[in-house]
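K.L.:
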Amino acid sequence: MPIEQETRLVAGETAENAAEAATEAAPQSRHITSPSLKGNPDELRDLEAGLDKLQSDAHRKARIDWTRIILPIAALLVLILAWQFYVSLGFKRRDQVPGPLDVLGQFGALWAEGKAQEAVWTSLQRGVIGFLISVAVATPLGLLLAQVQPLRRAFGPLISGLQVLPSVAWVPAAIIWFGLSDGTVYFVVLMGAIPSIINGLISGVDQIPPQYRSVGKVLGASRIQMALQIVLPAALPGYLGGLKQGWAFSWRSLMAAEIIAVGGTIGFGLGSLLDQGRTLSDMATVMSAILAILFVGILIELLVFAPIERRLLLRRGLLAGSTR
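Sequence positions in the sequence shown follow this note's numbering and run 167 to 490.
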């Protein structure tokens, strides 16, 4: 047999053998898993069970959590019953400690007169406008102090001191400067909210990993781009905490200003209603105003801040294991 023909026969047999070997190995290759799971069906079942649990948790989170509705209502009912029980003991006169039904009746009377709507709307409008102005002022200042170390060292203690200072201390000065006008109210609100928002933003910036800034420098980000596109988004958890605290301070500052600064061109807010009840020794009106102030604060938290905070934590994977 010629050498060339023999070589072709040997090559053909080798190719056929290789094809048969590949065919036999193909079914086995489909069952090959990662080295840690190969030949261990128990680990595969555990992995599958874990994935199923993650999927069930996602479906469970998608459903309405009725405990978020039922438990607060139950707690409110318990407090109302305890209040009514204390009133029924008769330790204080009913004009000094009115019962829940007395307060509800007085609030209904104020609503029928239109005073309740006017007071709630006036205070809510002032609070929202003052808070938005505070955010617009405090955000760039907070970013500036957080980014420029000499400015932070110079003004940081002053900002912290202003945050500790009770907002009611600004009311007499505001009355002298702005008279009995809305300017007095807004000034007190701003002085109460701005320091809290600034410190919250600075705290959020301090918690940013340094790698974020390094990546921004490598990508050639300018100072403004670094602040707005890298630092501020990364500092959102702390910034949101500062916003919540800023709203709380602005709402409390507003009530203090409305209670003290009465008359002139200042409108009739919840603080004015509270002071009117005190002047008339009408405890039912006082309690109505207090509860209205409380419920407005709760609604703002539930309808505005809580959904934003929950979505932010969920997007960053920080909600697992939380009691929220």
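Ideal Cβ positions, reconstructed from N, Cα and C, are used throughout, including at glycine. Small disclaimer: the values here were computed from a predicted structure and weren't measured.
Looking only at C-alpha atoms, which of A340, S362, I360, Q329 sits nearest to V428?
P.N.:
Along the sequence shown, one-based indexing puts residue 428 at 262. The residue with the shortest Cα to Cα distance from V428 is A340.
K.L.:
When the Cα atoms are used, what is the spatial distance from L237 to E467?
P.N.:
Here residue 237 is taken as the residue at index 71 of the sequence shown, counted from 1. Here residue 467 is taken as the residue at index 301 of the sequence shown, counted from 1. For L237 and E467, the distance between alpha carbons rounds to 17 Å.
K.L.:
Please confirm whether V462 has its beta-carbon closer than 7 Å to some beta-carbon of chain B.
P.N.:
The structure shown contains no chain B; it holds only a single protein chain.
K.L.:
For D268, collect the residues of the same chain with a Cβ closer than 6 Å to its Cβ; drop the 5 residues on either side in sequence, then sort them by chain order.
P.N.:
Taking the sequence shown and counting its residues from 1, one reaches residue 268 at position 102. If we look at D268 and ignore the five residues flanking it on each side, its Cβ neighbours are A450.
K.L.:
What do you reckon, are the CB atoms on V337 and I432 nearer than 7 Å?
P.N.:
Taking the first residue of the sequence shown as position 1, residue 337 is located at position 171. Taking the first residue of the sequence shown as position 1, residue 432 is located at position 266. No, the Cβ-Cβ distance between V337 and I432 is not below 7 Å.
K.L.:
Would you mind working out which of F353, K383, A387 sits nearest S300, comparing C-alpha positions?
P.N.:
What you label residue 300 is simply residue 134 of the sequence shown in a count that begins at 1. Among F353, K383, A387, the Cα nearest to that of S300 belongs to F353.
K.L.:
Decide yes or no for the touch test of the stretch 472-481 against the stretch 388-398: beta carbon pairs closer than 8 Å, at least 3 of them.
P.N.:
Counting Cβ pairs under 8 Å, fewer than three are found: no touch.
K.L.:
With H, G and I counted as helix, E and B as strand and the rest as coil, what does DSSP make of A192?
P.N.:
Counting from one through the sequence shown, the residue named residue 192 turns up at place 26. For A192, the predicted model reports a pLDDT of 43, less than 50, meaning its position is unreliable; a value from the coordinates is still stated below. In this structure, A192 counts as helix in the three-state DSSP scheme.
K.L.:
Please state whether DSSP places G345 in a helix, a strand or coil.
P.N.:
For this step, residue 345 is matched to residue 179 along the sequence shown. Coil.
K.L.:
Is the distance from the Cβ of G407 to the Cβ of G358 below 7 Å?
P.N.:
Residue numbering aside, residue 407 sits at position 241 when the sequence shown is read from its first letter. Residue numbering aside, residue 358 sits at position 192 when the sequence shown is read from its first letter. No. Outside cutoff.
K.L.:
Tell me which residues share the same chain as P375 and place their Cβ nearer than 7 Å to its Cβ, disregarding the 5 neighbours each side in the sequence.
P.N.:
For the purposes of this step, residue 375 is taken as residue 209 along the sequence shown, with counting starting at 1. Around P375: no qualifying Cβ.
K.L.:
Straight-line CA distance for V462 to W287?
P.N.:
On the sequence shown, position 296 is the one that residue 462 refers to. On the sequence shown, position 121 is the one that residue 287 refers to. Those two C-alpha atoms are separated by around 10 Å.
K.L.:
Three or more beta-carbon pairs under 8 Å between the stretch 415-425 and the stretch 319-338, yes or no?
P.N.:
Yes, they touch.
K.L.:
Quick one: what does DSSP say A401 is sitting in, helix, strand or coil?
P.N.:
If you number the sequence shown from 1, residue 401 lands on position 235. A401 falls in the coil class under three-state DSSP.
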